[in-house]
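Asker: First, the structure itself, so that you have it in front of you.
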Amino acid sequence: MFDLDKWQEIFETIRRNRLRTLLTGFSVGWGIFMLVLLLGAGKGLENGVTREIASDAINSIFIFPGRTAEAYKGYKAGRRIRFTNDDYELIKNGIPEVEYISSRFYIPGTPIISRQNNFGSFSIRCVHPGHQQVENTAIDLGRYLTERDLSDYRKVAVIGRRVRDALFGEGVNPIGQDIKINNFAFTVVGVSKESIADAGEEEVIYLPITTAQRIFNGKNEINRIIFTMGDATLDESKDIARRVRQLVAERHHFNPKDRQAIWVRNNIENFQEFQNVMMGMRIFIWFIAVGTLMAGIIGVGNIMLIVVKERTKEIGIRKALGATPNSIIGLILQESVFITTISGYLGILLGIATLEFYNSGVWLELFQSFNMMQGVDLNAIDIFYNPSIDLGVAFRAMILLVVAGAFAGLMPAYRAAKIRPIVALREE
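Residues are numbered in our numbering as their position in the sequence shown, beginning at 1, plus a constant of 621.
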């Protein structure tokens, strides 16, 4: 039942002790605010790293050539391993679990990319059709590269939207038109767009690897091999990586245990390690957040003790006039719960507003000019991506804080209820 007199008394107590109430509320609100901020930052970091990992298929393996670190069967240490098309075929045909596979060749030097009087500097990847699935490339217009493009040595290209905008103009349909790479004309057959995982797709040009090797004097050399493994488990992916290393080692005559001869990046293993790190980070964040909340709860309990001490004579008068112990306890607890609830709710609102402010990008605009003067490109800062928090978690934490705040005020309330009226009236 709503007791107006009791609420008026609570508000009058708060009015008379504004600073004390403000500091109590601040300790509680700060605890909830830090909880929201820490959980949001943790989620943003998780999203950012997941987004980076997802730019490549998670079930993929990347193989990079290196240099041998030790002598092996008459071959000297320090020998450079060079991949060729035969290595691509070796893995494609020698590993049954291969789903999609592509090698990648980079044009030597710095290619000159142009369209009439427009020039640009963009990344060029010479690949197989399977590269689309390996790197999750999304197509906005036209199509991706095909096996026919490779077998016929077609001079075709798939360009990103930012490449299109720079060379043809924003929004122009470039399909069927030519671009020049080192004065060799390539016909645009597709336009790639930003994927959820990788905005860099819009600044890449894809060429058929066979055409590029022939035109740019690449012979049969390749720079890396990439493939996906379907629904392979972590243990299965480790076994596949081991067999890949064994196959390549036999062909290039190096010790399979020589980790510097070739680099094998198992994205399934990397993703699992990332998941473990994030689990530890979540536990750490909750540990810090709960500690902050506990500090707020202890603050509420201490303030309630002070309240009881200051109002000892008032409580004695109430009991002398017939107030029951339960009414005294209820009054103290109600004030404690009210302060905790309001402060906690404001802490949640402030935390969510801070996360939304970050997501809006307004801070980028506010500090862009300063950071540009310092040579820092804020657009490259993508460590936190869409930091957010489950509101259910935030409100459950607030409810927990309210309940804990009530328990924190329970001891002072019982102390107030046990005060004998004659002792209270003598209190100075």
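Note that beta-carbon positions come from the ideal geometry of N, C-alpha and C, so glycine has one too.
1) If I follow the unbroken alpha helix (DSSP H) through Val-755, where does it start and stop?
2) Look at the Cβ atom of Arg-785, then the Cβ atom of Val-810, and state whether they are nearer than 8 Å.
3) Check whether the Cβ of Thr-945 lies closer than 8 Å to any Cβ atom in chain C.
4) With a 10 Å radius around its C-beta and 16 neighbouring C-beta atoms as the bar for buried, classify Lys-664 as buried or exposed.
5) Let me confirm a value: Met-655 is counted as buried when at least 16 other C-beta atoms fall within 10 Å, else exposed. Which label applies?
6) Check whether the region 745 to 755 touches the region 782 to 797, counting contact only when three or more Cβ pairs, one atom from each stretch, lie closer than 8 Å.
7) Taking Met-647 as the reference, give the member of Lys-878, Ala-916, Glu-977 with the closest Cα.
8) Would you tell me roughly how many angstroms separate the C-alpha atoms of Arg-886 and Arg-775, rounded to the nearest one?
9) Assuming Ile-684 contacts Ile-883 under a Cβ cut-off of 8 Å, what Cβ separation, rounded to an integer in Å, is found between them?
10) Which of the three DSSP states is assigned to Thr-645 in this structure?
11) Secondary structure at Arg-736, three-state DSSP: helix, strand or coil?
12) Under 8 Å, with one C-beta from each stretch per pair, do the region 829 to 840 and the region 755 to 771 reach the 3-pair mark?
13) For the ligand NAD, is there a heavy atom less than 7 Å away from the beta-carbon of Gly-699?
14) State the start and end residues of the unbroken beta strand (DSSP E) segment that holds Thr-832.
15) Tell me the DSSP secondary structure of Ile-918 in three-state form.
16) Within 8 Å, do at least three Cβ pairs link the region 690 to 708 to the region 835 to 853?
17) Taking C-alpha atoms, which residue in Gly-715, Met-1019, Asn-738, Phe-1028 lies nearest to Leu-954?
18) Leu-926 to Asn-668, Cα distance in whole Å?
19) Cα-Cα, which of Ala-833, Leu-971, Val-911 is closest to Leu-1021?
20) Thinking just about the alpha-carbon of each residue, which of Ile-973, Arg-688, Glu-956, Arg-764 is nearest to the one in Val-777?
21) On a Cα-Cα basis, can you pick out the residue from Ala-1018, Glu-718, Asn-739, Val-825 that is closest to Ile-682?
Answerer: Considering the structure as presented:
1) Residues 752 to 755.
2) no
3) The structure shown has no chain C; it contains just one protein chain.
4) buried
5) buried
6) no
7) The sequence shown places Phe at residue 647, rather than the Met named in the question. Selected option, being the one with the closest Cα: Ala-916.
8) 31 Å
9) The Cβ separation is near 6 Å, so the contact holds.
10) helix
11) strand
12) At 8 Å Cβ cutoff, the stretches touch.
13) Absent from the structure shown: the ligand NAD. Ligands present: none.
14) Premise fails: Thr-832 lies in the alpha helix (DSSP H), 830 to 836, not in any beta strand (DSSP E).
15) helix
16) The region 835 to 853 vs the region 690 to 708: in contact.
17) Looking at the Cα atoms, Phe-1028 is the closest of the given residues.
18) Each residue's Cα considered, the two are about 44 Å apart.
19) When each option's Cα is compared against that of Leu-1021, the closest is Val-911.
20) Arg-764
21) For the residues Ala-1018, Glu-718, Asn-739, Val-825, the minimum Cα distance to Ile-682 belongs to Glu-718.
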